[in-house]
Amino acid sequence: MTRERLSARVQSVPPSGIRRFFDIAATMENVISLGIGEPDFVTPYTITQAGIRSLQQGKTAYTSNSGTIELRQELQKHLNQLYGINYDPENELLITVGVSEALQNAMLATIDPGDEVIIPEPCFVAYGPSVVFAGGVPVYVSTSVEQEFQVTRAAIEAAITPKTKAILIGYPNNPTGAVMSRERLLDIAALAEQYDLLVFSDEIYDRLVYGVEHTSFAQLPGMRERTILLGGFSKAYAMTGWRLGWLAASAEIANAVRKIHQYAIMSAPTVAQYAGLAALQTGAEDVQRMVSEYDRRRQVIVAGLRQIGLPTFEPQGAFYVFPQVSSLGLTSEAFVEGLLYNEKVAVVPGDAFGPSGAGFVRMCYATSMDNIETALERIERYVRSL
26 MTRERLSARV QSVPPSGIRR FFDIAATMEN VISLGIGEPD FVTPYTITQA
76 GIRSLQQGKT AYTSNSGTIE LRQELQKHLN QLYGINYDPE NELLITVGVS
126 EALQNAMLAT IDPGDEVIIP EPCFVAYGPS VVFAGGVPVY VSTSVEQEFQ
176 VTRAAIEAAI TPKTKAILIG YPNNPTGAVM SRERLLDIAA LAEQYDLLVF
226 SDEIYDRLVY GVEHTSFAQL PGMRERTILL GGFSKAYAMT GWRLGWLAAS
276 AEIANAVRKI HQYAIMSAPT VAQYAGLAAL QTGAEDVQRM VSEYDRRRQV
326 IVAGLRQIGL PTFEPQGAFY VFPQVSSLGL TSEAFVEGLL YNEKVAVVPG
376 DAFGPSGAGF VRMCYATSMD NIETALERIE RYVRSL
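As numbered in the numbering used here, residues 26 to 411 make up the sequence shown, in order.
Okay, structure coming up:
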């Protein structure tokens, strides 16, 4: 008798739809990548130096499972200053290995087999698999460019069943750059209250907004106790490689997540925690400097794509633009493949982020202005050739 060596759960999850074209691009020369969602800035000097100092001072041991108390206390001040939310640093804040670990462990701590989690899409590719790995069932609801990629109350309510346990939202959004209005977030809050649902709110891009204010879901009336708030340092502080995130939730939920975290991880990297502490204490000007530059690039790439003839939704957050390519008579994948092979520009097909992304492609403008301008020239040449 031959036993299946892989779990059905893992086999049911396809590989990331982002990776295929990156792997092809890696074999080519002179490729401009607008693909990977990562700042092109290096971590600001004062943050890096804080990490280096921690090593020089011999701070190389494990920290508390929850993270250093100094970092949690500073995170509490940060959330209070930005959003007026108060969390107990001892029992309601947890430092994690990036937001991805926080999300997966939060799912494992709250979702039982068969529980349904509603996810607006297009969305970050890990959302659905994080539910599946916890034994749950992802239930996707569509958003549209006509609604500025903001999920509506009607769409969520239509997907609620007796098995629904939670809603998972990620705004500012990857891949569309959409930002949810406070009014629409209040609509979701009303549904969460009415149907007694948890809300996972991934707010990793909260600092990267342009001309609008970000509303944290946990700051809405009555939502703090039913929200699992997820954030981190990767995007705003250009700290992707430091692998540092955090989770904020009620003590009951945070303690359950901590239980998984302590068995699977022990603690987030110590050196990264000292760098994160410096980021919260000294990084505000660096964040503003990077946001200003992203905004400048955002305006250039949106205008350039529209001039080329690609209908382009104007993103208000994150660092992605989501032009529509279906008007060219091509699928997202065909456009991406043709652009890569013919003009050596790497972008990501929109339907890698869910069915609502079909006919769109994601481009990341967290790259130099020179790269953006050259990429626009190549994209225009490719579009004209069709």
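Beta carbons: idealized from backbone N, C-alpha and C, even for Gly.
What is the residue span of the beta strand (DSSP E) that residue i lies within?
i	result
E141	E141 to E146
K84	Per DSSP, K84 belongs to no beta strand (DSSP E) and is neither H nor E.
L269	Neither: L269 is in no beta strand (DSSP E) and is coded neither H nor E.
P163	V162 to S167
Ordered along the chain, which non-local residues of its own chain (more than five positions away) have a Cβ less than 7 Å from that of residue i?
i	result
R322	Y390, M394 and I397
E218	G247
G236	Q341
K260	P64, I229, Y230 and L233
A343	P197, N198, N199, G202, Y230 and L233
R331	T337
A293	G92, I120, T121, V122 and L269
S169	S381
T27	none
Quick check on residue i: does DSSP put it in helix, strand or coil?
i	result
V38	coil
P154	helix
G257	strand
M388	strand
A51	coil
F225	strand
A191	strand
T73	helix
G204	Looking at the sequence shown, residue 204 is not Gly but Val. Reduced to three states, the DSSP call for V204 is coil.
A33	helix
I213	helix
V67	coil
S79	helix
S381	helix
V234	strand
L365	helix
V412	Outside the shown range of the chain (26 to 411) lies residue 412, about which nothing can therefore be said.
V370	strand
L302	helix
T27	coil
T252	strand
Residue range of the alpha helix (DSSP H) that residue i falls in?
i	result
G123	G123 to T135
A279	A276 to A289
K102	I94 to Y108
S410	M394 to S410
E182	R178 to A184
What does a CB cutoff of less than 8 Å around residue i pick up in its chain, not counting 5 residues either side in sequence?
i	result
R30	none
L118	S91, G92, R97, L100, Q101, Y112, W271, L272, A273 and A279
V408	I333, G334, L335 and L353
P380	E146, Y165 and S167
E95	L302
A131	F225, I253, L255, L272, A274, I278 and V282
A383	S351, T356, S357, G375 and D376
A276	D113, N116 and E117
Apart from the five residues on each side of it in sequence, which residues of its chain come closer than 6 Å, Cβ to Cβ, to residue i?
i	result
G270	T121, G123, V124, A127 and G257
F66	A263 and M315
T392	D65
E405	I333
V38	P154 and V157
H15	As displayed, the chain neither begins before 26 nor continues past 411, which places residue 15 out of reach and without an answer.
I326	V346, Y390 and I397
M205	Q175 and Y196
Quick check: is any heavy atom of the ligand GTP less than 6 Å from the C-beta of residue i?
i	result
Y70	Annotation note on the ligand GTP: not contained in the displayed structure, which lists no ligands.
Using beta carbons (cut-off 7 Å, strictly below), is residue i in contact with chain C?
i	result
L59	Within the model displayed, chain C is absent; a lone protein chain is all it includes.
Contiguous beta strand (DSSP E) assignments of at least 3 residues, all confined to the segment 304 to 356:
345 to 348
For the structure I just gave you, are there three or more beta carbon pairs, one from the segment 280 to 289 and one from the segment 76 to 87, closer than 8 Å?
no
Say whether the segment 53 to 66 touches the segment 268 to 285, bearing in mind that this needs 3 or more beta-carbon pairs closer than 8 Å, one atom from each stretch.
no
Say whether the segment 175 to 195 touches the segment 130 to 146, bearing in mind that this needs 3 or more beta-carbon pairs closer than 8 Å, one atom from each stretch.
yes
Across the segment 42 to 54 and the segment 363 to 370, are there enough close Cβ pairs to call them in contact, namely three or more that are closer than 8 Å?
Cβ pair count under 8 Å is three or more, so yes.
For the segment 201 to 216 against the segment 151 to 159, are there 3 or more C-beta pairs whose distance is under 8 Å?
no
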